[in-house]
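Trainee: Before anything else, here's the structure in question.
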């Protein structure tokens, strides 16, 4: 788990491409980031003790439920079926998103998916970053972001 502010890695550090999670946040939230990093490390160590040894990435990603995943957001629904990420907009979304109704991102076309918290950790945006470079509008207008 990483934070934009430098956190000391706990245990073996994964390669940049092997990082299954990215945790970002405001400068004043490093204690929360440390807490989440500790909880993830605890869960991975517990899974490692109960199961066969393997790569750390496999343990970390094994803590995430298998697809399909559905997340209800304040603007609609985000879903992952194993092959694509689907964003479906409700009437609470911006007019631009409502006109689009839904957006689908094939797994091969996604560079990364970020959780970007707002001022507090309970709300934020789930941002899908396509593989091709695109301008990044504000999250409430971007068809690649779902407010949570």
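Residue numbers (UniProt numbering): 1 to 148. For glycine and all other residues, C-beta sits at the position ideal for the given N, C-alpha and C. Since the structure is predicted, the reported quantities are computational estimates derived from the model, not experimental observations.
(1) Give the single residue among 72, 107, 29 and 74 whose Cα lies nearest to the Cα of residue 83.
(2) Might you give, ordered along the chain, the residues of its own chain that have their beta carbon closer than 8 Å to the beta carbon of residue 113, omitting 5 neighbours on each side?
(3) Helix, strand or coil: which one does DSSP assign to residue 62?
(4) Give me the Cα-Cα distance between residue 79 and residue 115, rounded to the nearest whole angstrom.
(5) Tell me which same chain residues have a C-beta within less than 7 Å of the C-beta of residue 92, skipping the five on either side of it?
Mentor: The relevant details are as follows:
(1) Working through the chain shown from its first residue, we reach residue 83 at position 83. Ranking the options by Cα distance to residue 83, first place goes to 107.
(2) If you number the chain shown from 1, residue 113 lands on position 113. The answer, listed in chain order, is 85, 126, 127, 128 and 129.
(3) What you label residue 62 is simply residue 62 of the chain shown in a count that begins at 1. In this structure, residue 62 counts as helix in the three-state DSSP scheme.
(4) Taking the chain shown and counting its residues from 1, the one referred to as residue 79 is at position 79. Taking the chain shown and counting its residues from 1, the one referred to as residue 115 is at position 115. Between residue 79 and residue 115, the C-alpha separation is close to 15 Å.
(5) Within the chain shown, the letter at position 92 stands for residue 92. Correct list, in chain order: 74 and 75.
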